[in-house]
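Participant: The UniProt record's numbering puts the sequence shown at residues 1 to 99.
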Amino acid sequence: MMISRRKEELDLALVNFPLKKQAMMLEEQLQELRERRMAILAELNSEETPEVQREHFAQRIQRDNEEISHMQTQSVVQGRDGRRRPQKISELGNRNSGA
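(1) Straight-line CA distance for residue 5 to residue 79?
(2) Please state the DSSP three-state secondary structure of residue 99.
(3) Would you call residue 25 buried or exposed, if buried means 16 or more other Cβ atoms sit within 10 Å of its Cβ?
(4) What would DSSP say about residue 48, mapped onto helix, strand or coil?
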């Protein structure tokens with residue numbers, strides 16, 4: 001509760017001072033860039049060799065492809081079931097109207 005009130009006060013102050021608002025936005029961008037830089041440096045300094053990284057990527061691609069294939073299979077099965085249901089409903093309707 002206290003934080004949201006403080007944020008509202010700061011937002012109101014920023015409305016009156018566009019340069020402060022711009023400075024705050026630039027500071028946020030700078031922080032995001034610093035975080036990205038740290039992530040890139042961590043990746044570069046990782047102990048994995050390019051060959052190991054390549055193997056991990058290949059495994060990930062294989063898993064993703066298997067998941068996609070499974071989802072496509074499920075989609076086809078569900079699509080077939082979806083087409084059968086209206087047909088079954090109409091068959092039941094015909095039986096009831098004929099009886």
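Using N, Cα and C, we set each Cβ at its ideal position, and we do this for glycine too.
Facilitator: Looking at the atomic coordinates:
(1) Those two C-alpha atoms are separated by around 52 Å.
(2) Interpretation of residue 99 is limited by its pLDDT of 47, a score under 50 that renders its predicted location unreliable; no figure is taken from the coordinates.
(3) Exposed.
(4) coil
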